[in-house]
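Novice: One structure follows; several queries about it will come next.
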Amino acid sequence: MTTTTPSKPDTRVDSTLSKGLAILEVLTAAKGSLGVSALARQLGLTKSNTFRLLQTLVALGYVRHEPDKTYSATLKTWQVGRAVVENLNLRTAAAPMMKYLADETSETVYLAVQDGLDVVYIDKIESVKPIRSWNPIGGTAPLYCVGTGKAILAARYGQLRSAIAAVLTAHTDRTLTDMKALDADMSQTRLRGYALDTGEFRAGIKRLGAVITLPAGTVVGALGISVPDVNLSDGDEARYGALVQHAASATSNALSRL
349 MTTTTPSKPD
359 TRVDSTLSKG
369 LAILEVLTAA
379 KGSLGVSALA
389 RQLGLTKSNT
399 FRLLQTLVAL
409 GYVRHEPDKT
419 YSATLKTWQV
429 GRAVVENLNL
439 RTAAAPMMKY
449 LADETSETVY
459 LAVQDGLDVV
469 YIDKIESVKP
479 IRSWNPIGGT
489 APLYCVGTGK
499 AILAARYGQL
509 RSAIAAVLTA
519 HTDRTLTDMK
529 ALDADMSQTR
539 LRGYALDTGE
549 FRAGIKRLGA
559 VITLPAGTVV
569 GALGISVPDV
579 NLSDGDEARY
589 GALVQHAASA
599 TSNALSRL
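Shown next as structure tokens:
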């Protein structure tokens, strides 16, 4: 009897493509633009090779050549990433956990994704209570002052902090407009696993949110519960926080299986 060994898939990597993607990864993670020399040093490439790759990325629209002769990633990179998120069918993956949250709390439940320095609500389940919060699907809110937004912001704070610092605006008397206070809040959010908005966007409305991620840790959205203060009983805040954290984690696991 003759046996054959299954052939292994060809795992060769195109070096030019991998170097170009490495440049994009560095530029999208950078807080500012970078020059050819800095990119070459960071990636271990020659300056001439780095320059040629940058010219290709500029021609394709993924990189912009700045007036000071440095380079930065364009929004095209973000647009591609957003399209990937949409193709993951985030709504379908999150639907069971949204229903779970609605059943457990009877409050309004939101699914949100990042859009620049805002969140956009892409799905929701309305509260069945007579006093409820309301935001439409397609509505937006600043990242730094709602539960879903703060959950996303905490997960990406290193990348977004400087941009957020430039746009902090008070929406209520509870909005965090001091960076030291926001730094502390983001640290606390990461430690407990969910974000809490104590009426920072709309007075009298508390929102709790937790981030949804892919297996590698990439942030793709957040689940949140929106609760009028008058509906809260003792212990509800902590219970709702644990529920939304569990729901977001379960949704992340569901995405990993798609």
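Residue numbers 349 to 606, in the working numbering, belong to the letters of the sequence shown in order. Just so it is clear, CB atoms sit at the ideal spot from N, CA and C, and this is done for glycine as well.
If the criterion is Cβ atoms closer than 8 Å, does the pair Ser-366 and Ser-420 meet it?
Specialist: Working through the sequence shown from its first residue, we reach residue 366 at position 18. Working through the sequence shown from its first residue, we reach residue 420 at position 72. Cβ distance not < 8 Å, so Ser-366 and Ser-420 don't count as in contact.
Novice: Return the chain-ordered list of same chain residues with a C-beta closer than 7 Å to the C-beta of Val-592, the five sequence neighbours on each side being excluded.
Specialist: For the purposes of this step, residue 592 is identified with residue 244 of the sequence shown, where counting begins at 1. Leu-449, Tyr-542, Leu-556, Gly-557, Ala-558, Leu-571, Gly-572, Ile-573, listed in sequence order.
Novice: Do you know how far the Cα of Asp-451 is from the Cα of Lys-554?
Specialist: The count along the sequence shown starts at 1 and reaches residue 554 at position 206. The count along the sequence shown starts at 1 and reaches residue 451 at position 103. Distance between the alpha carbons of Lys-554 and Asp-451: 18 Å.
Novice: In whole angstroms, what is the alpha-carbon distance linking Ser-385 and Leu-391?
Specialist: In the sequence shown, residue 385 corresponds to position 37, counting from 1. In the sequence shown, residue 391 corresponds to position 43, counting from 1. The straight-line gap separating the alpha-carbon atoms of Ser-385 and Leu-391 is approximately 10 Å.
Novice: With DSSP collapsed to three states, give me the class of Pro-354.
Specialist: For the purposes of this step, residue 354 is identified with residue 6 of the sequence shown, where counting begins at 1. Unreliable placement is indicated for Pro-354, whose pLDDT of 47 sits below 50; the coordinate value is still reported in the next sentence. Correct three-state label for Pro-354: coil.
Novice: If you draw a straight line from the alpha carbon of Ala-441 to that of Asp-416, how long is it in whole angstroms?
Specialist: Residue 441 sits at position 93 when you count from the first residue of the sequence shown. Residue 416 sits at position 68 when you count from the first residue of the sequence shown. Distance between the alpha carbons of Ala-441 and Asp-416 is about 44 Å.
Novice: Could you tell me which residues DSSP pairs with Asp-463 in its beta bridges?
Specialist: On the sequence shown, position 115 is the one that residue 463 refers to. DSSP, once it has assigned bridges, lists Asp-466 as partnering Asp-463.
Novice: Using a 10 Å radius around the Cβ and a threshold of 16 neighbouring Cβ atoms, would you call Ile-371 buried or exposed?
Specialist: Taking the sequence shown and counting its residues from 1, the one referred to as residue 371 is at position 23. Classification of Ile-371: buried, given that the 10 Å Cβ count is 16 or more.
Novice: Does Lys-472 come out as helix, strand or coil in the three-state DSSP assignment?
Specialist: Residue 472 sits at position 124 when you count from the first residue of the sequence shown. Here Lys-472 sits in strand by DSSP.
Novice: Below 6 Å CB to CB, which residues in the same chain sit around Ala-551 once its five sequence neighbours on both sides are set aside?
Specialist: In the sequence shown, the residue the question calls residue 551 occupies position 203. Counting only Cβ-Cβ distances below 6 Å, and skipping sequence neighbours, we find Thr-520.
Novice: I need the boundaries of the alpha helix (DSSP H) containing Leu-408, first residue and last residue.
Specialist: Translated into the one-based positions of the sequence shown, residue 408 becomes position 60. 395-408 is the span of the alpha helix (DSSP H), which, as asked, contains Leu-408.
Novice: Per DSSP, which residues does Ile-553 bridge with? Please list them.
Specialist: For the purposes of this step, residue 553 is taken as residue 205 along the sequence shown, with counting starting at 1. DSSP, once it has assigned bridges, lists Pro-576 as partnering Ile-553.
Novice: Quick check on DSSP: helix, strand or coil for Arg-504?
Specialist: Position 156 of the sequence shown, counting from 1, holds the residue named residue 504. DSSP places Arg-504 in coil when its eight states are reduced to three.
Novice: Who are Ile-560's beta bridge partners in DSSP?
Specialist: Position 212 of the sequence shown, counting from 1, holds the residue named residue 560. DSSP output for Ile-560 lists Gly-569 as bridge partner(s).
Novice: Count the other CB atoms, across all protein chains shown, that sit within 10 Å of the CB of Lys-528; report buried if there are 16 or more and exposed otherwise.
Specialist: The sequence position of residue 528 within the sequence shown is 180, counting from 1. Of the residues assessed, Lys-528 falls on the exposed side of the cut-off, its CB having fewer than 16 other CB atoms within 10 angstroms.
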